[in-house]
Amino acid sequence: MKVLKTDLEGVLIVEPTLHCDRRGSFMESFNEERFCALTGLTIRFVQDNESRSCRQVVRGLHYQLPPYAQAKLVRVVVGRVWDVAVDLRRSSPTFGRYFGVELSAENRRQLYIPQGFAHGFVALSDEAVVQYKCDQYYHPEAESGIRWDDPTLAISWPVSPSEAILSERDAARGGFDQAPLFD
């Protein structure tokens, strides 16, 4: 496993090792001991989620507020997505900035997103299946979000607003300037 830092403090790209032979391939998608040793983090994931999306579906930007804020480890098992993390920590030097990366079944990359970030993605393939681990259980009363195309964030999404497919809830979300943030 390889861990790569991004330009947002705490957001990491994780590249599992793929073992191939004439039968196919094998990879260990997560190993807590190895992950913690390589990242210096102490983390315990308690919930796994999976979403299935068609091309141009945008999910996000989602997060949970304290005391139920979630760290996530995101991966794609079918297709490909462009995945985004937005720093919502007021005390961070990268506050209000985003990081985006393509995750796919082919590149096997994973994105670790710490607590204090909003998360979203757009499906780039006809079908995309995204799985993610969370270090906190889902609590609907702590759920929050930011409009995906907020001009303050200026995220360079690879889909136009006229083509994006959104849930009613995501389409109605407020902007970054109205969002509850982290200290």
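In this text, residue positions in the sequence shown follow the working numbering: the first is 5, and each later residue adds one.
The beta carbon of each residue, even a glycine, is placed where N, CA and C say it ideally should be.
Bridge partners - residue i, DSSP secondary structure assignment
i	result
aspartate 87	Val105, Phe125
valine 62	Val126
alanine 132	Ser57
serine 29	Cys24
Reference residue i; option with closest CA among the options
i	options	result
tyrosine 141	Lys6, Asn53, Asp11	Asn53
arginine 48	Pro118, Val7, Gly64	Pro118
leucine 128	Val90, Arg59, Gly179	Arg59
glutamate 131	Ser55, Pro162, Asp187	Ser55
aspartate 139	Glu167, Ile159, Lys76, Ile169	Lys76
valine 163	Glu145, Val85, Lys137, Val133	Val85
alanine 146	Thr21, Asp154, Pro165, His66	His66
Under 9 angstroms between C-beta atoms of residue i and residue j
i	j	result
tyrosine 102	leucine 12	yes
arginine 112	glycine 149	no
glycine 14	tyrosine 116	yes
aspartate 87	phenylalanine 99	no
8 angstroms contact criterion, which residue i and residue j should meet: CB distance rounded
i	j	result
tryptophan 152	aspartate 174	6 angstroms
alanine 168	valine 62	5 angstroms
Discussion item. Closer than 8 angstroms is the cut-off here; do at least three beta carbon pairs connect the segment 22–30 with the segment 113–123?
Written reply: no
Discussion item. For the pair the segment 80–87 and the segment 103–110, tell me if three or more CB-CB distances fall below 8 angstroms.
Written reply: yes
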